[in-house]
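Chemist: Sharing a structure, written as structure tokens. Questions coming.
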Amino acid sequence: MIRHLILPLLALIMAAPAQTTRPNILWVISEDTGPHLGCYGTPEVQTPNLDRLAATGVRYPHFYAGMVCSVSRSSFHTGMHAVSIGAHNHRTKGKKPLPDGVRPITEWLKEAGYFTANITTMPAAKGLRGTGKMDWNFKTEQKPFQSDRWEDLKANQPFFAEISFNETHRAYHASAKADPAKVELPPYYPDHPVARADWAAYLDSISELDRKVGLVLEQLERDGLAENTLVVYFGDNGASMVRAKQFCYEEGFNVPCILRWPKNMPVPPQARPGTVDTRLIDAIDLAPTMLSLAGVPKPPKMQGRIFLGEKAEPDRQYVFGHRDRCDETVMRIRSVRDARFRYIRNFTPEVPLLAANAYKERSYPVWNLLKELNREGKLTPAQAFLCQLQMPAEELYDMEKDPHQIQNLAADPAYKTDVERLRGVLERWIEEVGDQGRFPEVDAKPVEGGR
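Residue numbers (the working numbering): 91 to 541.
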């Protein structure tokens with residue numbers, strides 16, 4: 091009798107699909123998005139899908155990417171600082187191969203048996219397409235992705251897929267939902283109808299992004315892939331706003347990041363659902379972390395740190411940022427952030443923050459508004475700071491007391507020790523990573539008009 095029961099049971103066990111030991115990985119990437127989601131505390135924005143993702147995953151309030159798309163994407167796809175691999179100038183036409191031992195994450199994963207896709211088409215989802223954006227500032231020998239079709243994922247597991255959305259990139263086209271009268275403007279923005287309307291349009295673009303993220307997550311469930319797929323949503327750089335994208339302030343680097351662990355895999359202590367992880371995380375940490383979770387050893391030259399799982403590395407004390415040529419505007423600025431302070435070093439203080447830039451003059455209403463109101467003497471000191479013709483060589487901000495970075499403490503004797511400490515940290519980092527921004531950009535021409 092027992093034998094008759096055991097044999098069918100064994101047959102069922104043998105016929106059952108084996109539990110996935112390596113997760114599928116899905117990156118959902120939005121362009122030009124600051125941490126302005128409902129789950130980050132922003133009023134007047136509607137993000138039920140991303141809020142739900144955060145409630146069932148981990149939210150990272152101190153996640154930092156590059157300050158412009160091509161530089162950022164070159165970094166987080168390789169796990170390397172862009173200044174180390176010659177990818178620090180925005181959309182250089184003088185693209186070069188990556189250094190030996192440095193490759194996009196897709197190549198490492200393909201060698202480990204992963205299928206790779208950069209999704210542009212979705213099944214039966216009206217109006218839903220990924221952009222297929224790569225925007226890497228380097229040449230590759232291989233075709234990075236094997237497919238651009240969502241339909242290819244289910245039959246090709248485990249997979250690494252990414253899908254990018256540009257709803258939050260200017261120009262904004264989302265339907266109006268946010269009330270301009272109720273949006274919260276940063277203090278360095280003038281309280282003006284133009285600024286309020288522009289900020290409301292930005293929040294509306296995030297609401298439209300959220301709708302599309304919801305459709306992607308629904309499709310993941312519909313295809314039976316959600317249980318075995320690690321989902322990571324993040325922004326590629328700060329919002330398309332003055333003092334954010336292409337700027338070296340917090341708003342240029344700090345982007346939203348939410349990670350949801352697969353239900354069919356044991357949850358590491360760092361990824362318990364519904365938690366907020368306040369560690370400093372650099373976007374270059376994504377590549378080694380994904381590789382580690384896929385069972386791929388971290389490449390020796392990779393600069394990112396593993397922040398999840400059994401092989402997690404020590405937490406970061408600092409995250410670094412940089413800005414070099416963007417479009418036709420040439421600046422060299424470096425920045426370092428620790429748990430409390432942001433320190434900025436302007437190597438080109440003679441170049442004003444609002445230096446001539448065709449893209450911003452054409453696309454940023456507040457860019458031109460600031461200049462107009464400054465000529466009329468109608469700006470507060472915090473707002474007029476952006477219009478200075480000469481920038482300070484050093485800036486220091488207490489992010490706990492002054493999250494909008496209004497009060498520059500670099501010359502305050504009370505903070506001399508902090509300035510010296512962070513200056514030294516930044517100088518050592520510049521040497522350690524072989525910052526190529528110290529040398530002129532050669533054999534390259536800016537992309538006309540920019541984006």
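The C-beta atom is built at its ideal place from N, Cα and C for all residues, glycine as well.
What are the start and end residues of the beta strand (DSSP E) that includes Asn436?
Modeler: One-based indexing of the sequence shown puts residue 436 at position 346. First-last of the beta strand (DSSP E) with Asn436: 431 to 436.
Chemist: Looking only at C-alpha atoms, which of Trp226, Phe249, His282 sits nearest to Lys468?
Modeler: As a first step, residue 468 must be located in the sequence shown, where it is residue number 378. Here the closest residue by C-alpha is His282.
Chemist: Does the Cβ-Cβ distance between Pro280 and His494 come in under 8 Å?
Modeler: What you label residue 280 is simply residue 190 of the sequence shown in a count that begins at 1. What you label residue 494 is simply residue 404 of the sequence shown in a count that begins at 1. Result no, Cβ atoms of Pro280 and His494 do not sit closer than 8 Å.
Chemist: Check whether the region 304 to 311 touches the region 324 to 334, taking contact to mean three or more Cβ pairs, one atom from each stretch, closer than 8 Å.
Modeler: Contact between the region 304 to 311 and the region 324 to 334 is absent, because fewer than three Cβ pairs lie under 8 Å.
Chemist: Quick check on this structure: which residue in Glu440, Glu231, Val158, Leu460 has the alpha carbon closest to the alpha carbon of Gln473?
Modeler: Within the sequence shown, the letter at position 383 stands for residue 473. The shortest C-alpha separation from Gln473 is found at Leu460.
Chemist: Using the Cβ count rule (16 or more neighbours within 10 Å means buried), how would you classify Thr146?
Modeler: Locating residue 146 in the sequence shown gives position 56, where the first residue counts as 1. Exposed, since its Cβ has fewer than 16 Cβ neighbours within 10 Å.
Chemist: So, helix, strand or coil for Leu486, using DSSP?
Modeler: Working through the sequence shown from its first residue, we reach residue 486 at position 396. The answer is strand: DSSP assigns Leu486 an E or B state.
Chemist: For Lys186 and Cys338, I'd like the C-alpha separation in whole angstroms.
Modeler: Here the question's residue 186 lines up with position 96 in the sequence shown. Here the question's residue 338 lines up with position 248 in the sequence shown. Taking the straight line joining both Cα atoms gives about 25 Å.
Chemist: Give me the DSSP bridge partner(s) of Trp289.
Modeler: Residue mapping note: residue 289 aligns to position 199 of the sequence shown, counting from 1. DSSP, once it has assigned bridges, lists no residue as partnering Trp289.
Chemist: Which runs of the beta strand (DSSP E) at least 3 residues long sit entirely within the region 193 to 272? Give them in chain order.
Modeler: Whole beta strand (DSSP E) segments, 3+ residues: 205 to 211, 237 to 239, 249 to 255.
Chemist: Should the region 166 to 183 be regarded as contacting the region 415 to 427, the criterion being three or more beta carbon pairs within less than 8 Å?
Modeler: The region 166 to 183, when compared against the region 415 to 427, does touch it at the 8 Å Cβ threshold.
Chemist: Runs of 4 residues minimum, wholly inside the region 496 to 528: which ones carry the alpha helix (DSSP H) assignment?
Modeler: Counting whole runs of 4 or more residues, the region 496 to 528 contains the alpha helix (DSSP H) stretches 506 to 522.
Chemist: Express the C-alpha separation of Pro503 and Tyr262 in angstroms, rounding to a whole number.
Modeler: Sequence index remark: in the sequence shown, residue 262 carries index 172 (1-based). Sequence index remark: in the sequence shown, residue 503 carries index 413 (1-based). Spanning the two alpha carbons is a distance of roughly 44 Å.
Chemist: Name the two residues that bound the continuous beta strand (DSSP E) containing Cys347.
Modeler: If you number the sequence shown from 1, residue 347 lands on position 257. First-last of the beta strand (DSSP E) with Cys347: 347 to 350.
Chemist: According to DSSP, is Pro358 helix, strand or coil?
Modeler: Looking up residue 358 in the sequence shown gives position 268. Coil, per DSSP.
Chemist: Can you tell me which of Gly524, Pro389, Asn436 puts its alpha carbon nearest to the alpha carbon of Ala483?
Modeler: Here residue 483 refers to the residue found at position 393 of the sequence shown. Checking every option, the nearest Cα to that of Ala483 belongs to Asn436.
Chemist: Judging by CA-CA distance, which residue of Gly184, Arg432, Thr379 is the nearest neighbour of Tyr408?
Modeler: As a working mapping, residue 408 is identified with position 318 in the sequence shown. For the residues Gly184, Arg432, Thr379, the minimum Cα distance to Tyr408 belongs to Arg432.
Chemist: Can the beta-carbon of Leu116 be found closer than 8 Å to that of Pro346?
Modeler: In the sequence shown, residue 116 corresponds to position 26, counting from 1. In the sequence shown, residue 346 corresponds to position 256, counting from 1. The answer is no: Cβ separation not under 8 Å.
Chemist: Is the Cβ-Cβ distance between Glu257 and Leu199 less than 8 Å?
Modeler: Residue numbering aside, residue 257 sits at position 167 when the sequence shown is read from its first letter. Residue numbering aside, residue 199 sits at position 109 when the sequence shown is read from its first letter. In this structure, Leu199 does not lie closer than 8 Å to Glu257 by Cβ.
Chemist: I think Arg422 touches Ile520, with their Cβ atoms under 8 Å apart; what is that distance to the nearest whole Å?
Modeler: In the sequence shown, residue 422 corresponds to position 332, counting from 1. In the sequence shown, residue 520 corresponds to position 430, counting from 1. Arg422 to Ile520, Cβ: 11 Å. No contact.
Chemist: Please give me, in chain order, every unbroken run of the alpha helix (DSSP H) with length at least 4 that falls completely inside the region 443 to 480.
Modeler: Counting whole runs of 4 or more residues, the region 443 to 480 contains the alpha helix (DSSP H) stretches 448 to 453, 455 to 465, 471 to 474.
Chemist: By a C-beta neighbour count over all protein chains shown, 10 Å radius and 16 as the cutoff for buried, is Asn354 buried or exposed?
Modeler: Position 264 of the sequence shown holds residue 354. That one is exposed.
Chemist: Among Asp269, Asp242, Ala245, Tyr150, whose alpha-carbon lies nearest the alpha-carbon of Gln136?
Modeler: Numbered from its first residue, the sequence shown carries residue 136 at position 46. Of Asp269, Asp242, Ala245, Tyr150, the residue nearest in Cα terms is Asp269.
Chemist: Determine the burial state of Ala106: buried for a count of at least 16 other Cβ atoms within 10 Å of its Cβ, exposed for fewer.
Modeler: Position 16 of the sequence shown holds residue 106. Any reading at Ala106 must be qualified, since the residue scores a pLDDT of 35, below 50, and its modelled position is unreliable; the value itself is stated next. The residue in question, Ala106, is exposed, as its Cβ has fewer than 16 Cβ neighbours within 10 Å.
Chemist: For Ala448 and Val173, what's the separation of their Cα atoms in angstroms?
Modeler: Counting from one through the sequence shown, the residue named residue 448 turns up at place 358. Counting from one through the sequence shown, the residue named residue 173 turns up at place 83. Those two C-alpha atoms are separated by around 25 Å.
Chemist: Using the C-alpha atoms, what's the distance from Asp190 back to Glu341?
Modeler: Counted from its first residue, the sequence shown places residue 341 at position 251. Counted from its first residue, the sequence shown places residue 190 at position 100. Straight-line Cα distance between these residues: approximately 33 Å.
Chemist: Could you pull the DSSP bridge partners for Gly411 from this structure?
Modeler: As a working note, residue 411 is residue 321 in the sequence shown. Bridge partners of Gly411: Ser425.
Chemist: Could you pull out every unbroken beta strand (DSSP E) segment of at least 3 residues lying fully inside the region 365 to 401, listed in chain order?
Modeler: Taking only runs of at least 3 residues, no beta strand (DSSP E) segment lies wholly in the region 365 to 401.
Chemist: Which of the three DSSP states, helix, strand or coil, is assigned to Gly169?
Modeler: Locating residue 169 in the sequence shown gives position 79, counting from the first residue. Of the three classes helix, strand and coil, the one that applies to Gly169 here is coil, per DSSP.
Chemist: Would you decide whether Gly524 is buried or exposed? Buried here means 16 or more other CB atoms lie within 10 Å of its CB.
Modeler: Taking the first residue of the sequence shown as 1, we reach residue 524 at position 434. With fewer than 16 other Cβ atoms within 10 Å, it is exposed.
Chemist: Tell me which same chain residues have a C-beta within less than 7 Å of the C-beta of Pro125, skipping the five on either side of it?
Modeler: On the sequence shown, position 35 is the one that residue 125 refers to. Taken in chain order, the residues that qualify are Pro151, Asn344, Val345, Pro346.
Chemist: Report the three-state DSSP secondary structure of Tyr323 (helix, strand or coil).
Modeler: For the purposes of this step, residue 323 is taken as the residue at position 233 of the sequence shown. In this structure, Tyr323 counts as strand in the three-state DSSP scheme.
Chemist: Within the same chain, show all residues whose beta-carbon is closer than 7 Å to that of Lys267, passing over the 5 residues directly before and after it, in chain order.
Modeler: As a position in the sequence shown, residue 267 is number 177, starting the count at 1. Hits under 7 Å: Gln136, Asp294, Ser297.
Chemist: Hey, could you find the ends of the beta strand (DSSP E) Leu315 is sitting in?
Modeler: Here residue 315 corresponds to residue number 225 of the sequence shown, with the count starting at 1. Taken as a continuous stretch (DSSP letters only), Leu315 belongs to no beta strand (DSSP E), as it is neither H nor E.
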